Every structure is written in structure tokens, then in C-alpha cells.
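Comments concern the structure below.
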Ligand code: AMP
Ligand code: MG
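Residue numbers (the working numbering): 74 to 611.
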């Protein structure tokens with residue numbers, strides 16, 4: 074569907090606030106922290122900020138609302154998306170949800186620093202919920218302040234858009250705004266809080282409903298509200314499932330399992346690690362949501378996690394994400410169970426998750442390798458050997474797969490395989506001097522095997538690399554690139570944000586003048602906070 078045909082202005086946006094209209098509201102209106110019962114949301118107004126300043130907007134995200142760039146440059150835009158002004162038709166509110174955090178039920182969480190402004194229908198009838206993040210406390214803020222700092226807001230803004238351009242389902246980011254107010258954060262949790270620039274982003278998604286929105290009502294045995302929320306979700310976002318009822322509840326769960334399985338495959342394809350896959354950070358639509366201490370694989374390592382809070386357990390490390398998603402889906406099943414009162418359909422669908430995941434994973438792996446289809450008999454072992462090789466010496470995942478597209482186009486003879494590896498794959502190795510001859514021979518042997526496999530999979534010359542370049546990105550939002558942009562922004566220099574936004578718009582294209590952004594992580598970034606490790610403090 075074409076979303077950006079025709080232009081609107083801020084004043085002509087059409088609001089249709091289905092969430093607040095159709096679901097029960099908290100009847101207490103004072104904005105104080107508390108447990109909220111029998112309600113899906115609490116009305117709450119964003120706080121006024123001192124000096125809103127637009128740092129960046131995403132023209133593609135604005136186009137989803139039919140807003141042309143001129144609209145985003147208006148002072149009114151900065152006022153609205155920093156929380157200082159509301160448009161007629163907006164009905165700001167924070168949602169109530171719970172969640173399992175690091176494997177344990179955490180009770181009520183909720184939008185502690187997110188405020189939904191309202192839902193917009195664009196000219197094609199597509200629904201977008203506009204959500205500010207960092208616009209002040211809500212009844213769900215618990216012991217936190219409701220604000221966000223520049224570093225984490227910049228990371229979320231750029232990464233959401235980068236993910237979108239990689240073709241991965243995600244919440245979007247419309248704008249990144251400075252508030253002109255300081256926010257205190259103890260970044261290392263070591264008793265040395267510091268003032269940081271406050272920021273607000275506006276995120277966009279059809280909805281921001283998480284597994285935890287269902288879990289909270291099931292946990293409280295509030296089945297009436299659970300059913301209202303589930304019926305609303307089906308009616309509004311899954312009308313193809315038919316009228317709300319047992320069949321469509323099961324259908325909703327199946328949809329969530331399938332979209333989540335596919336999302337996990339997409340993360341694995343590009344080396345993305347979410348970092349905090351708690352059930353409150355899992356979207357019912359299968360979108361990537363809540364960019365916190367996420368990171369991108371540099372050296373291929375399934376055990377890697379960017380999240381310092383998870384460093385000991387590695388529950389949310391790269392290689393476990395598909396399994397954790399399955400665990401989270403089981404929690405969603407528990408939450409929906411009271412509406413169905415039969416375990417068999419849920420169990421069946423949960424089992425099927427593995428099949429769906431495997432099928433999509435195989436297709437994805439075949440595409441990354443430039444094969445037209447995955448043949449488990451030969452390819453499973455070949456892929457396993459490849460990943461063992463990549464793990465054995467620190468090999469940049471993104472550079473490696475991109476370079477493999479080049480290798481796939483040349484016919485490598487056994488005698489020259491070592492040399493081809495050295496030449497083409499060299500930029501992917503972090504310590505090329507450490508590659509011993511035995512390793513090089515093993516890699517060369519793999520390459521020969523790979524080439525034999527390619528020959529059995531006929532494709533015209535040139536076509537293979539072209540296909541591979543469409544799934545193996547050249548540019549990802551590398552951890553150190555994010556940190557450099559943050560360092561510069563904190564010093565009042567914003568050029569890098571625009572440069573990266575533009576770079577990451579075409580992640581699969583060669584961009585020769587920007588080759589340096591494809592480089593592997595420089596040594597200074599190896600252990601620098603923000604580059605290789607992040608705390609949840611944001
Ligand atoms: P996260 O781990 O960022 O997904 O957040 C987990 C929960 O903590 C959510 O309910 C958030 O709304 C809440 N939260 C995180 N940071 C803050 C903050 N600075 N102020 C208020 N609530 C927060
Ligand atoms: Mg969250």
C-alpha cells in the first residue's frame with residue numbers, strides 16, 4: 074500500500090483514538106504512582122519542557138502520517154513532539170501492563186515514561202499510534218523519573234529507522250527532540266550520578282500492545298478486562314481472524330507466534346541483539362520494540378550480549394533469542410488461556426513455533442549463502458562448520474557475509490582457496506596476524522566445499538552476489554558508530570546524526586564515499602562503555 078500519497082498538515086491529521094475509546098480507563102485522574110486496577114490505561118499529560126529543540130526527524134516516518142518535511146520543521150511540531158502542546162483530537166494516556174523480567178514475574182510495570190498522544194489514520198486508512206518517550210512521569214513510573222536522556226534517545230531514534238530500512242519489523246521513530254532540561258543518571262550504577270541532556274522521542278507503531286498488557290489482567294484474574302483487551306486487539310488489528318471468540322483468541326496467539334518467529338530470524342540475519350527480551354518488551358504485532366541496551370554483533374559470538382545487567386546469566390544473548398521468544402510466547406499463552414480454557418491448542422501452536430522458526434531460518438541462511446534453497450542434507454553441516462570457524466577467530470559477522478558474496482562469484486580452485494580467503498575475507502578478521510596455517514586450511518576447505526555446493530545451485534553469473542547483497546547488509550548501526558554520534562551530540566554537534574540517518578537508509582547499497590562506516594570496530598571501542606556494553610540506565 075502506498076502510504077505517502079498526498080500531504081496533510083499537523084492541523085489536518087485525523088485522530089481516531091480507538092484504544093481509549095474502546096477500553097476501560099483508570100478512573101483516578103491524579104498523576105501519582107500507584108497500582109491501577111480494572112483499566113487498560115490512565116490519562117496523563119506530558120510535562121512542559123523548558124526549551125524544545127528538534128534535533129532530527131525521519132522523513133519516511135513522517136510520510137507514514139502524510140506529513141511532508143516542511144511540517145516537521147515547524148515550531149508547532151517541536152512543541153507537540155516535546156510534550157509542550159497537544160493537537161485537538163489527542164487524548165494522552167499511559168498503558169497498564171505487566172511482565173516477566175529476566176524470567177520472573179514483575180507485577181505491574183506499564184508506560185513509566187511513555188505517553189501515547191493518540192492514534193492517527195493516514196490517507197490510506199492506516200493506523201499509527203504516536204507515543205512520546207521521556208515526556209515525564211505517569212502512574213506507572215514506580216521509582217523512576219519518567220524522563221530519558223539524549224544518549225539513549227538518539228540510539229533508539231537511529232536504530233528504529235535503521236531496522237526499518239533493513240526490512241525488519243519495528244516500531245518507528247518520528248522525531249528526536251532535546252528538552253533543554255537536565256536529567257540525572259547514574260550510568261554505571263556506581264553512586265556517581267551525572268546530569269545529562271534530557272530528550273524526548275516520538276515513536277510510531279500501529280499499536281504498542283505488549284505480551285505484558287495481557288499478562289497483567291490474567292495475573293490479577295481480571296478476566297473481563299483481559300477479554301476486552303483481547304477482543305479489541307482482534308477487532309482492530311487482526312480483523313481477518315473473525316469475530317472475537319475462542320477461535321480468534323487461538324488465532325491471535327498463532328499470529329503472535331508466527332510473527333515473533335519470523336522476527337527472531339530477521340534479528341539473527343543481521344546480528345541484532347535486543348538485550349532485554351522481557352515479556353513487556355515483546356510486541357503483539359511481532360515488531361522490534363523498546364530499544365534499550367541493544368547491540369550489533371561485531372565478532373560472531375552467539376553468547377554475546379551488550380547488556381551489562383545480563384552479563385552473568387546471558388539470558389538474552391544473541392544465540393538465545395529464538396528460544397527466549399518461545400519462552401515469552403508461553404507466557405502469552407498462559408495469559409490468554411483463561412479465555413479459551415483448553416491447553417491443547419496453545420501447546421500445539423507453541424510446538425509449531427519451532428517448525429516455523431526452522432523453516433524461516435533455513436530460508437534466511439540459504440539466502441545469506443547465496444543458495445536458492447536450503448538442502449538440510451548438505452547445508453546443515455556446512456553452516457554449522459562455518460559458524461564454528463567464525464567463532465574460533467574473532468570474525469566480523471557483517472563484513473564476513475558481505476565479502477562472501479564476492480567469493481561466491483569466483484570459482485575457487487583448491488590450490489588458491491587459502492589465498493582467496495586471505496584477500497577477500499581479511500577485512501573481517503579482528504586479529505589477522507593470529508590466523509594460524511591450520512585454521513586457514515580449514516577455512517579454505519570450507520570454501521571449497523561451499524563452492525561445490527554453489528555449482529549444484531545454478532544461477533547466472535553476477536546474480537548470486539546481487540541476491541546476497543540484498544540480505545547481507547553492508548552497513549549496520551555498529552555500536553561504536555552510535556557512541557561516536559552520541560559523543561558529538563553531547564558536545565552540541567549533530568551532523569553525524571543526519572549522516573548516519575542517511576547512510577542507514579540504504580544499508581544494502583555500496584556507498585563508496587562512506588566506506589569507513591562499514592569498517593570493523595576500532596580497538597579503542599573494544600571495551601568502551603556505550604560501544605560494547607550498556608547498562609539499562611537510560
Ligand atoms: P525497559 O526495561 O526500558 O523496557 O523498562 C521497563 C519498565 O520500566 C517499563 O515499565 C518502563 O516504562 C519503566 N521505566 C524505564 N525507565 C524509566 C524511567 N526513566 N522512568 C519511568 N519509568 C521507567
Ligand atoms: Mg520496556
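Positions of the beta carbon are idealized from the N, C-alpha and C atoms, including for glycine.
Computed from a prediction, not measured in an experiment: that's the story for all the values here.
Which residue comes first and which comes last in the alpha helix (DSSP H) that contains residue i?
i           : result
residue 153 : 148-153
residue 202 : First-last for residue 202: 200-206, but that is the beta strand (DSSP E), not the alpha helix (DSSP H).
residue 239 : Note, residue 239: premise wrong, no alpha helix (DSSP H); not H, not E.
residue 410 : 394-413
residue 113 : It is not in any alpha helix (DSSP H) - residue 113 carries neither H nor E in the DSSP assignment.
residue 540 : 536-542
residue 209 : No alpha helix (DSSP H) contains residue 209, which DSSP labels as neither H nor E.
residue 331 : 319-343
residue 174 : Run containing residue 174: none in the alpha helix (DSSP H); it sits in the beta strand (DSSP E), 171-174.
residue 91  : 91-95
residue 575 : 568-576
residue 609 : Segment: none, residue 609 is in no alpha helix (DSSP H) and carries neither H nor E.
residue 142 : 142-145
Please identify the residue among the options whose C-alpha is closest to the C-alpha of residue i.
i           : options               : result
residue 375 : 368, 390, 364 and 102 : 390
residue 510 : 415, 536, 495 and 521 : 495
residue 525 : 557, 481, 538 and 198 : 481
residue 103 : 93, 570, 116 and 91   : 116
residue 347 : 280, 241 and 294      : 241
residue 586 : 597, 572 and 406      : 572
residue 426 : 357, 323 and 335      : 335
residue 89  : 358, 397 and 194      : 194
residue 530 : 556, 442, 602 and 235 : 442
residue 557 : 437, 601 and 512      : 601
residue 259 : 97, 277 and 218       : 218
residue 187 : 238, 547 and 119      : 119
residue 574 : 400, 295 and 239      : 239
residue 273 : 596, 98 and 121       : 121
residue 478 : 277, 550 and 546      : 546
residue 562 : 447, 159, 251 and 91  : 251
residue 282 : 340, 211 and 170      : 170
residue 207 : 234, 255 and 181      : 255
residue 93  : 192, 569 and 295      : 192
residue 388 : 349, 403 and 355      : 349
residue 277 : 333, 265, 202 and 338 : 202
residue 137 : 80, 551, 314 and 147  : 80
Going by other Cβ atoms of all chains shown within 10 Å of its Cβ, with 16 needed for buried, is residue i buried or exposed?
i           : result
residue 178 : exposed
residue 175 : exposed
residue 75  : Low per-residue confidence applies at residue 75: pLDDT is 48, beneath 50, and the placement is therefore not dependable enough to give any value.
residue 565 : exposed
residue 261 : exposed
residue 469 : buried
residue 78  : exposed
residue 369 : buried
residue 483 : exposed
residue 536 : exposed
residue 267 : exposed
residue 105 : exposed
residue 85  : exposed
residue 317 : buried
residue 538 : buried
residue 560 : exposed
For the beta strand (DSSP E) holding residue i, just list the boundary residues, first then last.
i           : result
residue 130 : 126-130
residue 433 : Here residue 433 belongs to no beta strand (DSSP E); instead the alpha helix (DSSP H) covers 417-442.
residue 181 : 177-181
residue 193 : 187-194
residue 598 : No beta strand (DSSP E) holds residue 598; DSSP gives it neither H nor E.
residue 167 : 166-168
Between residue i and residue j, how many whole angstroms is the CB-CB distance? I'm expecting something under 8 Å.
i           : j           : result
residue 168 : residue 286 : 6 Å
residue 345 : residue 367 : 7 Å
residue 129 : residue 249 : 5 Å
residue 608 : residue 381 : 5 Å
residue 310 : residue 279 : 6 Å
residue 222 : residue 270 : 7 Å
residue 275 : residue 205 : 6 Å
residue 405 : residue 284 : 4 Å
residue 485 : residue 520 : 6 Å
Does the beta-carbon of residue i, which I'm using as the reference point, lie nearer than 7 Å to any heavy atom of the ligand FAD?
i           : result
residue 259 : This structure does not include the ligand FAD; its bound ligands are the ligand AMP and the ligand MG.
Within the stretch 228-301, ranges of the beta strand (DSSP E) (whole runs, at least 3 residues): You should have 245-258 and 267-278.
In chain order, which alpha helix (DSSP H) runs of at least 4 residues are fully inside the stretch 447-489? Within the stretch 447-489, the complete alpha helix (DSSP H) runs of at least 4 residues are 449-465 and 470-480.
Sequence ranges, alpha helix (DSSP H) only - wholly within the stretch 353-389, length at least 4: Along the length of the stretch 353-389, whole alpha helix (DSSP H) runs at least 4 residues long do not occur.
Runs of alpha helix (DSSP H) lying entirely within the stretch 492-566, each at least 4 residues, in chain order: Runs of the alpha helix (DSSP H) inside the stretch 492-566: 510-528, 536-542 and 552-563.
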